[in-house]
Amino acid sequence: MYKKILDDEPTLKTVKLVSKIAITLGVAKSTVYRIIKEYKSTKTVSTSKQCGGRPGMITLFDEATKNSIRRIVHGFFFSNEIPTLDKILNEIKNHQDLPQMSRSTLYKFMKQINFRYLKRNRKSVMIERDDIVRWRVDYLTSIKKFRSEGRPIYYLDETWLNEGHTKRKVWVDNNIKSKREAFIEGLSTGLKNPSGKGKRLIILHAGSEEGFVEDSLLVFEGKKSGDYHEEMNANVFEKWFVEFLRKLPDNAVIVMDNASYHSRKVESIPTTSTRKSDMKAWLQSKNIGYEENMVRSQLLHLIRQNKHKYNLYITDEMAKKENKVVLRLPPYHCELNPIEMIWAQVKNEVAGKNKTFKLKDVKELLIEALNNVTKVNWKKCVEHVIKEEEKMSTLDGIIDDLIEPLIISVNNMESDEDTTDTDSSIN
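According to UniProt numbering, the stretch in the sequence shown is residues 1 to 427, in order.
Here it is, written out as structure tokens:
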């Protein structure tokens, strides 16, 4: 967040920068000052040790950073090389756009983006959790099947645009030392800089290889200063989604991520924190038999055996009623959504034309940039994603070939240890 704000607002004073970070993260200004000082002196960020409800500094990493580091790990797999923490850390250091961090922070970060640690003697490897691998395999299998059936596929996503959005880097004349000198020589002191990011627009749209879906753009002014995802909620999204569905042909496939506002449940399923009486009430409502003297763990076991029948999303059910299907991207796989590249094109155009840094003008530039996105642009982005899907399809086989010897070796060692323990206990 520190680097991103500096890139967006290079003239922002340190006091205001610290205040903005502290308010966004809900941490003390002194904590932010301490971490910035640490970063400037060591070029690393250590994990916050404080307990309680405040978020650790690992939350500073945005979705783009998470996705970039995940791709670094996969890059090792594609090269038939086992990714260790040290290798990943070294690769991160070679990327100027990525935040530098300590080894312990990287370890916790990797767990946050759904990797797990497989250890074997002195070798250790970071691999994705099994549920994420299954999700990716299921997604790739489904999208390939839908494509082979000739079903139209649409991609939707949300993004944001600040009124201060502009080019991060521009040419400057280092010969001009002051405003007075520029005035005397009849020159300028360079481009006008925005005073800050300012207000922002929240944007929702969808498209396919045929281009944007007509009359499906939703734009509104954000009211909060934190993550733009907080501006969108299930009510707003579902209201837009029901109208969007009517614009699509039968049998359409709608690809979206698993954001919370895309994933509101039809009903809540009991969990470990649910009261025992409520567990029984839920089982009764589903005509699932249970013994009155069953303990919580037994009731939960029954619920888990049957919850797949009722674990439904409102958006999925809305789509089914319109003879369409929702397909969810696995977490941190934004490279499989072509609209991400479309957003980059749109934002780049706005950044190059934004002169007033006023929200009204930025909205007009946004509409103009969206209108400039052609069917050819969309088609190229979809073709790029299909190539990424093909790479991903080979990835899990590569990982299996690399990891299986380690897993077999670990299992053999555990068997040997069990045998040794058994033998020694007999003696």
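Beta carbons: idealized from backbone N, C-alpha and C, even for Gly. Keep in mind it's a predicted model, so treat the numbers as computed, not measured.
Extent of the continuous beta strand (DSSP E) run through residue i
i      : result
THR374 : Per DSSP, THR374 belongs to no beta strand (DSSP E) and is neither H nor E.
PHE357 : First-last for PHE357: undefined, no H or E at that position.
GLY207 : 200-208
PHE220 : 218-221
MET256 : 253-256
Span of the alpha helix (DSSP H), counted from its first residue to its last, around residue i
i           : result
ASN90       : 85-93
LEU156      : Not the alpha helix (DSSP H): LEU156 falls in the beta strand (DSSP E), residues 153-162.
VAL326      : VAL326 -> not in any alpha helix (DSSP H); beta strand (DSSP E) instead, spanning 325-328.
MET279      : 276-285
VAL242      : 234-245
VAL133      : 130-148
residue 443 : Examination of residue 443 is not possible in this model, given that the chain is present from 1 through 427 alone.
ARG103      : 103-112
ILE314      : 314-321
ASN306      : 296-306
Close beta carbons around residue i, own chain, < 6 Å, minus the five adjacent residues each side
i      : result
ILE92  : LEU98
LEU299 : MET279
PRO338 : TYR155, CYS381, VAL382, VAL385
SER393 : LEU140
ARG264 : ALA234, ILE314
ASN90  : none
ASP138 : none
Residues near residue i by beta carbon distance below 8 Å, same chain, minus five either side
i      : result
SER19  : LYS29
VAL266 : TYR310, LEU312, TYR313, ILE314, GLU317
LYS391 : PHE78
ASN293 : none
LYS223 : GLU231
GLU63  : TYR332, CYS334
TYR290 : LYS280, LEU283, GLN298, LEU299, LEU302
ILE269 : TRP282, ILE303, LYS307, TYR310, ASN311
ILE132 : ASN114, PRO330, PRO331
LYS13  : none
Within 8 Å, strictly: CB atoms of residue i and residue j
i      : j      : result
PHE244 : VAL373 : no
ARG136 : HIS333 : yes
HIS165 : VAL32  : no
GLU163 : LEU329 : no
THR159 : TRP343 : yes
LYS324 : GLU210 : no
ARG129 : PHE115 : yes
LEU370 : LEU217 : yes
Residue closest to residue i, alpha-carbon to alpha-carbon, out of the options
i      : options                        : result
ASP400 : ARG134, VAL362, ARG71, LEU89   : ARG134
VAL350 : LEU365, LYS239, PRO338         : LEU365
LYS387 : ASP257, ARG129, ARG34, LEU336  : LEU336
LEU106 : ARG116, TYR117, LEU85          : LEU85
LYS368 : LYS375, LYS379, LYS353         : Looking at the sequence shown, residue 368 is not Lys but Glu. Of the listed residues, the one whose Cα sits closest to GLU368 is LYS353.
ASP250 : LEU395, ASP157, HIS262, LYS320 : LYS320
ARG275 : HIS262, ARG296, ARG70, ASN90   : ARG296
GLU340 : ASN90, THR356, ARG264, VAL255  : VAL255
ASP257 : ARG34, GLU322, ARG246, LEU204  : LEU204
LYS108 : PHE61, GLY289, ILE269, ARG264  : PHE61
GLU322 : LEU302, ARG246, GLN345, ASN306 : ARG246
TYR95  : LYS111, MET110, GLU149, THR65  : It should be pointed out that residue 95 corresponds to His in this sequence rather than to Tyr. The residue with the shortest Cα to Cα distance from HIS95 is THR65.
ARG151 : LEU248, ALA206, ASN90          : LEU248
PHE241 : VAL346, THR271, ALA206, SER268 : ALA206
HIS74  : TYR117, LYS111, ILE127, GLU38  : ILE127
ILE288 : SER273, GLN305, THR272         : GLN305
Presumed contact (8 Å Cβ cut-off) between residue i and residue j, rounded CB distance
i      : j      : result
LEU201 : GLU221 : 6 Å
ILE398 : ASN80  : 7 Å
ILE88  : ILE113 : About 11 Å separates the two Cβ atoms, so there is no contact after all.
LEU161 : GLU389 : That pair is no contact at about 28 Å.
TRP378 : SER104 : Not quite, the Cβ-Cβ distance comes to about 43 Å (not below 8 Å), so this is no contact.
ILE153 : VAL253 : 5 Å
ILE82  : PHE76  : 7 Å
LEU327 : SER142 : 6 Å
Minimum Cβ-Cβ distance from residue i to chain D less than 8 Å
i      : result
LYS276 : Note that chain D does not occur in the displayed structure, where there is just one protein chain.
Proximal residues to residue i (C-beta, below 7 Å), its chain only, five neighbours per side dropped
i      : result
ASN233 : TYR261
GLN345 : VAL373, ASN377
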